[in-house]
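Asks:
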Amino acid sequence: AQSVTQLDSQVPVFEEAPVELRCNYSSSVSVYLFWYVQYPNQGLQLLLKYLSGSTLVKGINGFEAEFNKSQTSFHLRKPSVHISDTAEYFCAAAGGNEKLTFGTGTRLTIIP
Amino acid sequence: KAGVTQTPRYLIKTRGQQVTLSCSPISGHRSVSWYQQTPGQGLQFLFEYFSETQRNKGNFPGRFSGRQFSNSRSEMNVSTLELGDSALYLCASSLAPRAGNEQFFGPGTRLTVL
Chain W
105 AQSVTQLDSQ VPVFEEAPVE LRCNYSSSVS VYLFWYVQYP NQGLQLLLKY LSGSTLVKGI
165 NGFEAEFNKS QTSFHLRKPS VHISDTAEYF CAAAGGNEKL TFGTGTRLTI IP
Chain S
1150 KAGVTQTPRY LIKTRGQQVT LSCSPISGHR SVSWYQQTPG QGLQFLFEYF SETQRNKGNF
1210 PGRFSGRQFS NSRSEMNVST LELGDSALYL CASSLAPRAG NEQFFGPGTR LTVL
């Protein structure tokens, strides 16, 4: 079985400051890792995914994430945030025939 | 290409009633998954369908059921509604049920049980 832990439930950040949202996973098989974003009253939108290859993955809206196998982490980063980045962010993992497993989410609040 | 559509967007029901939610996947996508999202439990997997067959099921009581039609559209049904069933129900589609395939989410159906 696999599990995903998002260490921070809420992260406040000043506009134009950098941000890192943390995600750790555990799995007995190789996993694929995803970050999704959910804006208010909307469904989830894929930001980026790691399947294999380069451990640094670039996504939409200036976000990137780094896969670290030894630390079983997949942290999401953005060098400079905007008001429009205010949303909830979900880390997710999928492996083998298993379903997509989500973390509990991190609410990112941008302070003007 | 049109995205995943879910109907209705909002529903209000009373305890004991039953409800049916509908999901139309992106054209060409044959795999449909359902999730329940609540503030307390987060996103929980309900079930996954592919080619009209349920492939995976989450840890939900038998009151929750679903099906998929030959055109890949899917419905989920909740019978004997309880207050705790109030949630946002999200549907996601993908080309096929492979772990690395991106799932595309609909806007959800917000169910309120009174």
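As they're listed, the protein sequences go chains W and S. Numbers given in this note's numbering equal positions in the first sequence, counted from 1, plus 104. Numbers given in this note's numbering equal positions in the second sequence, counted from 1, plus 1149. For glycine and all other residues, C-beta sits at the position ideal for the given N, C-alpha and C.
(1) Cβ closer than 9 Å: which chain W residues qualify as neighbours of S/Phe1194?
(2) Using the DSSP secondary-structure output, state which residues sit across from W/Asn145 in a beta bridge.
(3) Please state whether DSSP places S/Ile1161 in a helix, a strand or coil.
(4) Can you name the start and end residues of the beta strand (DSSP E) that S/Gly1191 belongs to?
(5) Could you tell me whether the Cβ of W/Lys182 comes closer than 8 Å to any Cβ of chain S?
(6) Which first and last residues belong to the beta strand (DSSP E) in which S/Asn1226 is found?
(7) Looking at the secondary structure, which residues open and close the beta strand (DSSP E) in which W/Ala169 lies?
(8) Threshold first: 4 residues or longer. Then list the alpha helix (DSSP H) segments lying entirely within the stretch 1207–1254 of chain S, N to C.
(9) Is DSSP giving W/Ile215 helix, strand or coil here?
(10) Count the other CB atoms within 10 Å of the CB of W/Ile187; is the residue buried (16 or more) or exposed (fewer)?
(11) Going along chain S, which residues have a C-beta under 8 Å from W/Tyr143?
(12) I'd like to know whether the C-beta of W/Leu152 is nearer than 8 Å to at least one C-beta of chain S.
Replies: Let me lay it out:
(1) Within the second sequence, residue 1194 of chain S is the residue found at index 45, counting from 1. Those within 9 Å of S/Phe1194 in chain W are Lys203, Leu204, Thr205, Phe206.
(2) In the first sequence, the residue the question calls residue 145 of chain W occupies position 41. DSSP, once it has assigned bridges, lists no residue as partnering W/Asn145.
(3) Taking the second sequence and counting its residues from 1, one reaches residue 1161 of chain S at position 12. Note: S/Ile1161 maps to strand in three-state DSSP.
(4) The residue labelled residue 1191 of chain S in the question sits at position 42 within the second sequence. S/Gly1191 -> beta strand (DSSP E) spans 1191–1199.
(5) Here residue 182 of chain W is taken as the residue at index 78 of the first sequence, counted from 1. Under the Cβ distance rule, W/Lys182 does not count among the residues neighbouring chain S, no pair being separated by less than 8 Å.
(6) Counted from its first residue, the second sequence places residue 1226 of chain S at position 77. According to the DSSP assignment, S/Asn1226 belongs to the beta strand (DSSP E) that extends over 1223–1227.
(7) Looking up residue 169 of chain W in the first sequence gives position 65. Its beta strand (DSSP E) spans residues 168–172.
(8) none
(9) The residue given as residue 215 of chain W occupies position 111 in the first sequence. Strand, per DSSP.
(10) In the first sequence, the residue the question calls residue 187 of chain W occupies position 83. Counting Cβ neighbours within 10 Å, W/Ile187 comes out exposed, since fewer than 16 surround it.
(11) If you number the first sequence from 1, residue 143 of chain W lands on position 39. One finds nothing in chain S with a Cβ atom closer than 8 Å to the Cβ of W/Tyr143; even the nearest lies about 10 Å away.
(12) One-based indexing of the first sequence puts residue 152 of chain W at position 48. So no, W/Leu152 is outside the interface.
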